[in-house]
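Participant: Heads up, the sequence shown is in the working numbering, so the first residue is 136 and it goes up one at a time.
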Amino acid sequence: MTGGLFLYCCQLLLLLAGGCASPNTDREAAPRTFVDVTPTSGFTRQHTGGGPDKGYIVEAKGGGSAILDADGDGNLDIFWVNGATLEDPTEGAGNALYHNDGDLRFTDVASQVGVARAGWGMGAVAADYDNDGDSDLYVTCLQDNTLLRNEGGHFLSVGAETGVGTDRWSTGAAFGDYDLDGDLDLYVADYVHFDPGMIEHLGTKWKGIPAFVGPLGLLPQADHLFRNDEGRFIDVSSDAGVGAVDPGYGLGVIFLDYDNDGDSDIYVANDSSPNFLFHNDGGTFRESALIAQLSHGAMGNAQAGMGVAVGDYDADGAADLLVTNFEDDYNTLYHNGGNGSFEDVSFASGLAQPSLSFVGFGAIFLDFDHDSDLDIFVANGHVYPEIDASGTNSSYAQSDHLFSGDGAGHFELFLPGGRSPFEPRVSRGASAADFDNDGDLDLFVTHLNDRPALYRNDAASGNWLGIRLLGRSSNRAGVGAKVVVHSGGLRQIREAVRGSSFLSSEDPRLHFGLGSALLVDSLTVYWPAGGVQRLRDIGTNRYLSVQEP
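Structure below.
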């Protein structure tokens, strides 16, 4: 990337111009950045996540969000997950569905469309599980997960009748067609056995300050894999092999084809326990994280995995992984060697050092500036409010991190004008999506005990292309497909996923920044059903629907 050099030159020119520049010139020379448009967005509701002292671990987790076009009007809406309190964890203020009214303004229509359900929500993922052309919602909770089926913009709770209304403390969830039968299956990460009556309030210490117990002081819960059988789900955890491992403290989960063999594998970011990589062997799984060098960090320790993202940041054709972690550790970038093995390149890439005093949650690969290579966004926020008075270098509210990538494996903090565009908050979930349909990716970030934030992308300047997949033999939304774009002498690869980051899901369309290229030379879709589709000479700066032949 040349963003740093460009910024330096702009600053130098401003200094030379001194007081001679007009106010209009000053505005034009201002660095391109992200703008917090939350005050005018309509996001007035605050997240409920237990008490202010965070005496129990559940009060420090949640909540996520899911991005979807709920009513089919062409604008992306936001499902925002709310929590509750320990006084009555089955009640609460309820979730929100923010309808996109245009111009980055939203209205909460949750009560009108049937998604305002109370309870202690954790995360959400949007996907078309019934192949009817619209996005449904799966919501993980402390006690009662649910599946919300979209029927023309109104949602019905069908978790119990479809077999996925579990009563465990679930966190991350993701959809993918692991058995390649044309419909989406569901993996649900579960966290700990939680009973506040058996746990002491603020029952331990961390760096000398009072802290909640867990997760290592609590029992982990086993994750579950559900196979979609014509709209009803069957728990195949044992039969498929994912139940053969000792449980971890599951948080982030994602489907991906890491070995390019045409089927979807599953990666789980576990908190304070080794991560999982379930290698897909034709519909059954082998846990292979240790062999693939994905279970631990480079120091050989189990990290505190929170969020996870997949992206081929060096465009070598092999999917790389990003996992966010806790303070005094680092966010981990795993480079895929293309031979079934990964390497922890966190420090060599420049990603690790800035994260050491932060607690990372949301994780996103995106090309925010349209220069044709992937950048990284991390949502940060501590879990211990008392850290502000601890005398350490850390804080409860923390600035999110945006890293600019150079396409060769190096990342640098994006600090336009010498400062972060993100004010310190206690961030959790994060999603990238083009909410105003102008071609660049905006950012939606959830916050603990606070309202979410929407950041408009004013940093992009190059050309772009957005892809909407329409499956026929494959699942309806083409989840699991890989799209390869050649433009301007460069190759870019994206994989269609549903469920990523921290307890969240993102823009269902695939987004490519193209720099100065005015034409996409070729676009190739590798469909889950096995077909390969090629298009040539595609115009830029538009959204293109690609239907499977």
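Virtual Cβ for every residue (Gly too), placed ideally from N, Cα, C. Computed from a prediction, not measured in an experiment: that's the story for all the values here.
1) How is the alpha helix (DSSP H) around Ala483 delimited, first residue to last?
2) Please check the pair Arg563 and Phe637, which I expect to be a contact at CB under 8 Å, by giving their CB distance rounded to whole angstroms.
3) Could you tell me the alpha carbon to alpha carbon distance between Glu194 and Gly254, rounded to whole angstroms?
4) Could you tell me whether any non-hydrogen atom of the ligand MN is closer than 7 Å to the CB of Gly473?
5) Just the Cα atoms here: how many angstroms apart are Leu282 and Val274?
6) Going by DSSP in three states, Pro355 sits in which element: helix, strand or coil?
7) Taking the alpha carbon of Ala404 as the point to measure from, which residue in Ser481, Arg180, Ala308 has its own alpha carbon closest?
8) In terms of alpha-carbon separation, which member of Ile334, Phe214, Arg252, Gly199 lies closest to Thr225?
9) Relative to the C-alpha of Phe503, which residue among His646, Leu670, Tyr393, Ser534 is closest?
10) Please classify Pro345: does DSSP put it in a helix, a strand, or coil?
11) Using three-state DSSP, classify Ile522 as helix, strand or coil.
12) Quick one: residues in its chain with C-beta nearer than 6 Å to the C-beta of Asp571, no 5 flanking neighbours on either side, listed in chain order?
13) Under 8 Å by Cβ, that's how I've got Pro551 and Thr168 pegged, so tell me the actual separation to the nearest angstrom.
14) Using DSSP bridges, identify the partner residues of Ala427.
15) Is DSSP giving Ser248 helix, strand or coil here?
16) At 4 residues or longer, what runs of the alpha helix (DSSP H) sit wholly inside the segment 212–241?
17) So, are the CB atoms of Asp312 and Ser407 less than 8 Å apart?
18) Just tell me which of Ala231, Gly237, Gly258, Asp236 has its CA closest to the CA of Ala245.
19) Using 10 angstroms around the beta-carbon of Leu277, count the other beta-carbons present and answer buried if the total reaches 16, otherwise exposed.
20) How would you label Gln533, buried or exposed, when you count the other beta carbons within 10 angstroms and need 16 or more for buried?
21) Could you tell me which whole alpha helix (DSSP H) segments of length 4 or greater appear in the segment 450–536?
22) Reducing DSSP to helix, strand and coil, say where Val377 ends up.
23) Exposed or buried, what is Glu462 when buried is set at 16 or more other beta-carbons lying within 10 Å of its beta-carbon?
24) Looking only at its chain, what residues have a beta carbon closer than 8 Å to the beta carbon of Glu683, apart from the 5 residues adjacent to it on each side?
25) Under a CB-based cut-off of 8 Å, is Gly435 close to chain B?
26) With DSSP collapsed to three states, give me the class of Met333.
27) With 16 as the cutoff for other CB atoms within 10 Å, does Glu296 come out buried or exposed?
28) If distances are taken between C-alpha atoms only, which option among Thr301, Thr339, Ala324 comes closest to Phe310?
29) For Ala427 and Ser476, what's the separation of their Cα atoms in angstroms?
30) Over what stretch of residues does the alpha helix (DSSP H) that includes Gly440 continue unbroken?
31) Have a look at Lys340 and Asn460 and give me their C-alpha separation to the nearest angstrom.
32) If you measure between the beta carbons of Ser490 and Tyr531, is that distance less than 8 Å?
33) Looking at C-beta atoms only, is the number of pairs between the segment 416–431 and the segment 617–625 that lie closer than 8 Å three or more?
34) Express the C-alpha separation of Leu509 and Asn515 in angstroms, rounding to a whole number.
35) Pick from Phe368, Ala565, Val619, Asp330: whose alpha carbon is nearest that of Gly352?
36) Sorted by chain position, which residues of the same chain lie with C-beta nearer than 7 Å to Gly237's C-beta, five sequence neighbours on each side aside?
Facilitator: Walking through what the data contain:
1) Taking the first residue of the sequence shown as 1, we reach residue 483 at position 348. Going by DSSP, Ala483 is part of the alpha helix (DSSP H) stretching over 481–484.
2) If you number the sequence shown from 1, residue 563 lands on position 428. If you number the sequence shown from 1, residue 637 lands on position 502. A Cβ-Cβ distance of about 6 Å is found for the pair Arg563 and Phe637, placing them in contact under the 8 Å criterion.
3) On the sequence shown, residue 194 is found 59 positions in, with the first residue counted as 1. On the sequence shown, residue 254 is found 119 positions in, with the first residue counted as 1. Using only the alpha carbons, I get a separation of about 13 Å.
4) Looking for the ligand MN in the displayed structure turns up nothing, as the structure carries no ligands at all.
5) Here residue 282 corresponds to residue number 147 of the sequence shown, with the count starting at 1. Here residue 274 corresponds to residue number 139 of the sequence shown, with the count starting at 1. Roughly 6 Å between the two C-alpha positions.
6) Within the sequence shown, the letter at position 220 stands for residue 355. If DSSP states are grouped into helix, strand and coil, Pro355 belongs with the strands.
7) Position 269 of the sequence shown holds residue 404. Restricting attention to Ser481, Arg180, Ala308, the CA atom closest to the CA of Ala404 is found in Ala308.
8) Within the sequence shown, the letter at position 90 stands for residue 225. That would be Arg252, whose Cα lies nearest to the Cα of Thr225.
9) Residue mapping note: residue 503 aligns to position 368 of the sequence shown, counting from 1. Comparing Cα-Cα distances from Phe503 to each of His646, Leu670, Tyr393, Ser534, the minimum goes to His646.
10) In the sequence shown, residue 345 corresponds to position 210, counting from 1. DSSP places Pro345 in strand when its eight states are reduced to three.
11) Walking along the sequence shown from the start, residue 522 turns up at place 387. DSSP places Ile522 in helix when its eight states are reduced to three.
12) The count along the sequence shown starts at 1 and reaches residue 571 at position 436. Counting only Cβ-Cβ distances below 6 Å, and skipping sequence neighbours, we find Leu239.
13) Counting from one through the sequence shown, the residue named residue 551 turns up at place 416. Counting from one through the sequence shown, the residue named residue 168 turns up at place 33. Confirmed, Cβ separation roughly 4 Å.
14) For the purposes of this step, residue 427 is taken as the residue at position 292 of the sequence shown. The partner list for Ala427 (beta bridge, DSSP) is empty, contrary to what the question assumes.
15) Taking the sequence shown and counting its residues from 1, one reaches residue 248 at position 113. First, the residue type needs correcting, since residue 248 is Val and not Ser in the sequence shown. Helix at Val248.
16) none
17) Working through the sequence shown from its first residue, we reach residue 312 at position 177. Working through the sequence shown from its first residue, we reach residue 407 at position 272. For Asp312 and Ser407, no; Cβs fall outside 8 Å.
18) Here residue 245 corresponds to residue number 110 of the sequence shown, with the count starting at 1. Closest by alpha carbon: Ala231.
19) Locating residue 277 in the sequence shown gives position 142, where the first residue counts as 1. Its Cβ being crowded by 16 or more others within 10 Å, Leu277 is buried.
20) Locating residue 533 in the sequence shown gives position 398, counting from the first residue. Classification for Gln533: buried.
21) If we require 4 residues or more, the alpha helix (DSSP H) runs fully inside the segment 450–536 come out as 481–484.
22) Walking along the sequence shown from the start, residue 377 turns up at place 242. Residue state, collapsed to three classes: helix.
23) Translated into the one-based positions of the sequence shown, residue 462 becomes position 327. Buried, since its Cβ has 16 or more Cβ neighbours within 10 Å.
24) Numbered from its first residue, the sequence shown carries residue 683 at position 548. Around Glu683: Leu604, Leu605, Gly606, Arg607, Ser608, Ser609, Gly613, Val660, Trp662, Ala664, Gly666, Gln668.
25) Here there is only one protein chain, and chain B is not present.
26) Indexing the sequence shown from 1 puts residue 333 at position 198. Three-state result, Met333: helix.
27) Counting from 1 along the sequence shown, the entry for residue 296 is found at position 161. Exposed is the call here.
28) Looking up residue 310 in the sequence shown gives position 175. Nearest C-alpha to Phe310: Ala324.
29) As a position in the sequence shown, residue 427 is number 292, starting the count at 1. As a position in the sequence shown, residue 476 is number 341, starting the count at 1. If I take the Cα positions, the gap works out to 4 Å.
30) Here residue 440 corresponds to residue number 305 of the sequence shown, with the count starting at 1. No alpha helix (DSSP H) holds Gly440; DSSP gives it neither H nor E.
31) The residue you call residue 340 lines up with position 205 of the sequence shown. The residue you call residue 460 lines up with position 325 of the sequence shown. Roughly 19 Å separates the two Cα atoms.
32) In the sequence shown, residue 490 corresponds to position 355, counting from 1. In the sequence shown, residue 531 corresponds to position 396, counting from 1. For Ser490 and Tyr531, no; Cβs fall outside 8 Å.
33) no
34) For the purposes of this step, residue 515 is identified with residue 380 of the sequence shown, where counting begins at 1. For the purposes of this step, residue 509 is identified with residue 374 of the sequence shown, where counting begins at 1. Per the coordinates, the alpha-carbon of Asn515 lies some 20 Å from the alpha-carbon of Leu509.
35) Within the sequence shown, the letter at position 217 stands for residue 352. Checked all of Phe368, Ala565, Val619, Asp330; the closest Cα to Gly352 is Asp330.
36) Numbered from 1 along the sequence shown, position 102 holds the residue referred to as residue 237. Result list for Gly237: Asn210, in chain order.
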